[in-house]
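Structural data, given as structure tokens:
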């Protein structure tokens, strides 16, 4: 993906074999389980499965080239504290077709990544602040579920549903858990906002910098 380039439904002529595009994106979707840096890219490419165009195909090829250059790259868990930390972000009205916002979050246990997601909001946010609040609500829900999982591993837990009927619910949900001390917020500068990699196309230098902060390493690279 290029930093200032946005794919659309009219990105070039139709490709001769749409099935090949769908199969490739399906395989790439599977890779997001262990390669969080692909989440945003594959989310965008998945929007064009019905009518893939040449521009979409070119973007898939760029992803394959990236994978070829980073074959040994992966997540390596490191001993650290058992504290949960989440980064969240939103790209307001990022979808050019229906103007829905994109949210993303990234959760670490100590210094090790354990959960991440890129997701289109189900409703249109009226402001960037509203989109950010909904991203925070999704991250808080994930944090609470993971905390419950850590406390009683292997026991059934209530699931925190990430869909809400109105933004007011998100406001009260976040405020309640802030006041109870279950979560704590802090400011993260734009350069160190790890969730950016899940919500927008970044320049090469910033992408590589954030990638190094995600806990993804290549054991075969020279030290």
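Residue numbers (the numbering used here): 22 to 244. All C-beta atoms in this analysis are idealised placements derived from N, C-alpha and C, irrespective of residue type, glycine included. A quick note: this is a predicted structure, and the numbers were derived from the prediction, not measured.
Within 10 Å of its beta-carbon, does residue 217 have 16 or more other beta-carbons around it, so buried, or fewer, so exposed? Position 196 of the chain shown, counting from 1, holds the residue named residue 217. Flag for residue 217 reads buried.
Residue 159 - partner residues in DSSP beta bridges: Residue mapping note: residue 159 aligns to position 138 of the chain shown, counting from 1. Beta-bridge pairing links residue 159 to no other residue.
Comparing C-alpha positions only, which one of 225, 160 and 230 sits nearest to residue 107? Your numbering for residue 107 matches position 86 in the chain shown. Per the Cα distances, 160.
What does the alpha-carbon distance come out to for the pair residue 165 and residue 33? Position 144 of the chain shown, counted from the first residue, corresponds to residue 165. Position 12 of the chain shown, counted from the first residue, corresponds to residue 33. Computed Cα separation, rounded: 44 Å.
With a CB to CB cut of under 8 Å and the five nearest residues on each side skipped, what residues in its chain are close to residue 55? The residue labelled residue 55 in the question sits at position 34 within the chain shown. Excluding sequence neighbours, residue 55 sits near 95 and 96.
Cβ separation of residue 131 and residue 102, assumed to be a contact under 8 Å, to the nearest whole Å: As a working note, residue 131 is residue 110 in the chain shown. As a working note, residue 102 is residue 81 in the chain shown. Residue 131 to residue 102, Cβ: 5 Å. Contact.
Is it buried or exposed, residue 83, if we count other Cβ atoms within 10 angstroms and call 16 or more buried? Sequence index remark: in the chain shown, residue 83 carries index 62 (1-based). Answer is exposed; the Cβ neighbour count stays below 16.
Evaluate contact between the region 204-212 and the region 59-72, counting only Cβ atoms and requiring at least three cross-stretch pairs below 8 Å. Contact fails: fewer than three Cβ-Cβ distances are below 8 Å.
Tell me the DSSP secondary structure of residue 39 in three-state form. Start at 1 with the first residue of the chain shown, and residue 39 comes out as number 18. Three-state result, residue 39: helix.
When you compare the region 219-239 with the region 70-89, are there three or more beta-carbon pairs, one atom per stretch, that lie closer than 8 Å? no
Verify whether the separation of the beta carbon atoms of residue 110 and residue 220 is less than 8 Å. On the chain shown, position 89 is the one that residue 110 refers to. On the chain shown, position 199 is the one that residue 220 refers to. Contact: yes.
Closer than 7 Å: is that where the CB of residue 89 sits relative to any heavy atom of the ligand GDP? Among the components of this structure there are no ligands whatsoever, and the ligand GDP is therefore not found.
Are the beta-carbon atoms belonging to residue 45 and residue 63 less than 8 Å from one another? Walking along the chain shown from the start, residue 45 turns up at place 24. Walking along the chain shown from the start, residue 63 turns up at place 42. Contact flag unset, no.
Reducing DSSP to helix, strand and coil, say where residue 111 ends up. The sequence position of residue 111 within the chain shown is 90, counting from 1. Three-state result, residue 111: strand.
Burial state of residue 142 (16 or more Cβ within 10 Å): What you label residue 142 is simply residue 121 of the chain shown in a count that begins at 1. With 16 or more Cβ atoms within 10 Å of its Cβ, residue 142 is classed as buried.
Helix, strand or coil: how does DSSP classify residue 104 here? By 1-based counting over the chain shown, the position of residue 104 is 83. In the three-state DSSP reduction, residue 104 falls in the coil class, being neither helix nor strand.
Among the residues of its own chain, which have a CB less than 7 Å from the CB of residue 157, if the five just before and after it don't count? By one-based count along the chain shown, residue 157 stands at place 136. Excluding residues within five positions, the ones whose Cβ falls inside 7 Å are 109 and 195.
Residue 35 versus residue 171 - alpha carbon distance: Residue numbering aside, residue 35 sits at position 14 when the chain shown is read from its first letter. Residue numbering aside, residue 171 sits at position 150 when the chain shown is read from its first letter. Their backbone Cα atoms lie some 48 Å apart in a straight line.
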